[in-house]
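A.B. asks: The number in our numbering is simply the position in the sequence shown, starting from 1, with 10 added.
Okay, here's the structure, questions in a sec.
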Amino acid sequence: MLNIPFRRSRCLSVSGFALNKPEPIRQKHYTCPSKTSFPGSFVLLFTIVWIVMGSCTRNSNTNATEEKPVASVGDSKFYPEDLTRLTPHALSAKDSVAIRKKIIENWAANELFYKKALENLDEEALNVDKEVEQYRKDLIAYKYELKLISEQLDTSITDAEIETYYNNNPQDFLLKNNIVKAVYVKAPKTIPNIDKLRKLCLSTNPKDSVQFKSMCIQFADNYFIDNSTWLLLDDIKKEIPQLREVPDYGLSAGKVFEFNDSLSYYFLKIKDIKIKNSLSPLNFEKANIKHLLMDQRKQYLIKTYKKDLLEKAKTDKTIINY
């Protein structure tokens, strides 16, 4: 089975080979940020705080430990336990030595950079207490959001809800690429009884499907026989170079193509086709829509929870306005 190189689309793996499912156009209002996605600014600030606080912690505990450091920069120490924690498992001896060396060098470079920052920033810039406290609040709030979501979110989304969203927002589901439903087979020139394979491939008799699949498994270099699934036309063209010479307007439902080169036979039977900028089919938008609706529910849950807290605080006079 041949895997088509991954692209920016949802990958579909089925019997025969793997193809990428077409990715529809996404309007800005369609993509909602997930409340469970960790903000990029959090990651950056967390890294800075970890370096600063980690260095301070190690410095303050240096006298309390008898463990010999593996590296030091001034009075900052890097200990074996730190190195072990950052080193991936299941490495060969050669890889382990190289990676450990790189980890130590990265730590040293970060320490040197931090110390240079201390030397060159003024007192106001060095005062990060407010930023650290705000980060702490944001992180704790984020963790509580995750807890509320895991405990209270209704994760059941019906097909009717998905279809309703799809029908109400057709502008969000326009295709970026041409897609097809098709049967495809690539067989070596050395295959016995190529005429039988050709006949089975082109057959419309459901009784022939079992024998056709059996022949594909035994003899084909590559195949795709699930004609109910939409595939990127460009991915099929990668499998059949001669198909690139056929203009897209020359492709239509019911068309059959046969090509060959010095090594292989190629058979392609198109069941259906949808053109770029047309409406994307619902059957492979379901996962996307379900994810979107779930994100909307998460946001609504947290927003409602905060609103209830605020109303209760007003009633209890917990909030005092000066």
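Using N, Cα and C, we set each Cβ at its ideal position, and we do this for glycine too.
Count the other CB atoms, across all protein chains shown, that sit within 10 Å of the CB of Glu134; report buried if there are 16 or more and exposed otherwise.
C.D. replies: Counting Cβ neighbours within 10 Å, Glu134 comes out exposed, since fewer than 16 surround it.
A.B. asks: Excluding five sequence neighbours on each side, which residues of the same chain lie with their C-beta closer than 7 Å to the C-beta of Tyr315?
C.D. replies: Excluding sequence neighbours, Tyr315 sits near Leu158.
A.B. asks: Which whole-angstrom value describes the C-beta separation of Phe222 and Ile235, a residue pair presumed to lie in contact below a C-beta threshold of 8 Å?
C.D. replies: The pair is a contact, with the Cβ atoms about 7 Å apart (cut-off 8 Å).
A.B. asks: Spatial neighbours of Glu121 within its chain, please: C-beta separation below 6 Å, excluding the five flanking residues on both sides.
C.D. replies: Hits under 6 Å: Val83 and Ser86.
A.B. asks: Could you name the residues of the same chain whose beta carbon sits closer than 8 Å to that of Leu93, not counting the 5 residues immediately before and after it, in chain order?
C.D. replies: Excluding residues within five positions, the ones whose Cβ falls inside 8 Å are Val80, Arg110, Ile113 and Ile114.
A.B. asks: Taking the alpha carbon of Ile167 as the point to measure from, which residue in Leu319, Asn298, Thr328 and Leu320 has its own alpha carbon closest?
C.D. replies: The shortest C-alpha separation from Ile167 is found at Asn298.
A.B. asks: Excluding the 5 residues flanking Ser274 on each side, which residues of the same chain have their C-beta closer than 7 Å to its C-beta?
C.D. replies: Here the set comprises Lys196, Ala197, Pro198, Lys199 and Asp231.
A.B. asks: Mind checking whether Lys296 and Ser238 have CB atoms under 8 Å apart?
C.D. replies: Result no, Cβ atoms of Lys296 and Ser238 do not sit closer than 8 Å.
A.B. asks: What does DSSP give as the partner residues of Asp282 in its beta bridges?
C.D. replies: Answer is Lys191.
A.B. asks: So the beta strand (DSSP E) Phe269 belongs to, where does it begin and stop?
C.D. replies: Per DSSP, Phe269 belongs to the beta strand (DSSP E) from Val266 to Asn270.
A.B. asks: Would you mind giving the Cβ-Cβ distance between Ser272 and Leu185, rounded to the nearest angstrom? I have them listed as a contact below 8 Å.
C.D. replies: Not really, about 35 Å apart at Cβ, beyond 8 Å.
A.B. asks: Could you pull out every unbroken alpha helix (DSSP H) segment of at least 4 residues lying fully inside the region 94-174, listed in chain order?
C.D. replies: 103-130, 133-136 and 139-162, all fully within the region 94-174.
A.B. asks: Give every residue of the same chain whose Cβ lies closer than 7 Å to the Cβ of Phe183, excluding the five residues on either side of it in the sequence, and list them in chain order.
C.D. replies: Cβ within range, chain order: Pro34, Tyr176, Leu289, Ser290 and Glu295.
A.B. asks: Sort Glu321, Glu155, Tyr194 and Asn178 by Cα distance to Asp305 and report the nearest one.
C.D. replies: Checked all of Glu321, Glu155, Tyr194 and Asn178; the closest Cα to Asp305 is Glu155.
A.B. asks: Could you please give me the residues that DSSP links to Pro198 through a beta bridge?
C.D. replies: Looking at the DSSP assignment, Pro198 forms a beta bridge with Ser274.
A.B. asks: Whose CA, out of Lys279, Leu292, Leu253 and Lys281, lies closest to the CA of Asn270?
C.D. replies: Among Lys279, Leu292, Leu253 and Lys281, the Cα nearest to that of Asn270 is on Leu253.
A.B. asks: Less than 8 Å separating the beta-carbons of Lys284 and Ile172?
C.D. replies: Contact flag unset, no.
A.B. asks: What does a CB cutoff of less than 8 Å around Ser4 pick up in its chain, not counting 5 residues either side in sequence?
C.D. replies: Residue 4 lies beyond the range of the chain shown here (11 to 332); nothing can be said about it.
A.B. asks: For Asn116 and Ser160, I'd like the C-alpha separation in whole angstroms.
C.D. replies: Going by the C-alpha atoms only, they are around 37 Å apart.
A.B. asks: DSSP three-state call for Ser86: helix, strand or coil?
C.D. replies: Residue state, collapsed to three classes: strand.
A.B. asks: Report, in whole angstroms, the separation of the C-beta atoms of Ile250 and Tyr276, which I expect to be a contact under 8 Å.
C.D. replies: With a Cβ gap of about 5 Å, Ile250 and Tyr276 count as contacting.
A.B. asks: Whole angstroms is fine: what's the gap from Gln309's alpha carbon to Ser102's?
C.D. replies: Using only the alpha carbons, I get a separation of about 46 Å.
A.B. asks: From Leu319 to Gln181, what distance separates their C-alpha atoms?
C.D. replies: So the alpha carbons of these two residues sit roughly 37 Å apart.
A.B. asks: Expressed to the nearest angstrom, what Euclidean distance is found between the alpha-carbon atoms of Gln228 and Ile201?
C.D. replies: Using only the alpha carbons, I get a separation of about 10 Å.
A.B. asks: For a test of the three-state rule: what should DSSP assign to Tyr233, helix, strand or coil?
C.D. replies: Strand.
A.B. asks: Give me, in chain order, the residues of the same chain whose beta-carbon lies closer than 7 Å to that of Ser47; leave out the 5 immediate sequence neighbours on both sides.
C.D. replies: Note that Ser47 has pLDDT 47, beneath the 50 cutoff, so the model's placement of it is unreliable and no number is given.
A.B. asks: With Leu242 as the anchor, note down where its beta strand (DSSP E) starts and where it stops.
C.D. replies: Residues Trp240 to Leu242.
A.B. asks: Helix or strand or just coil, what does DSSP make of Ala346?
C.D. replies: The question about residue 346 has no answer here: the residues shown for the chain are numbered 11 through 332.
A.B. asks: If contacts are defined as beta-carbon pairs under 8 Å, then Val193 and Lys286 qualify, I think. What distance do you get, rounded to the angstrom?
C.D. replies: Between Lys286 and Val193 the Cβ distance is about 22 Å, and since that is not below 8 Å, they are no contact.
A.B. asks: Using CA coordinates, which residue listed in Glu321, Leu292 and Ile330 is at the minimum distance from Asn178?
C.D. replies: Answer by Cα proximity: Leu292.
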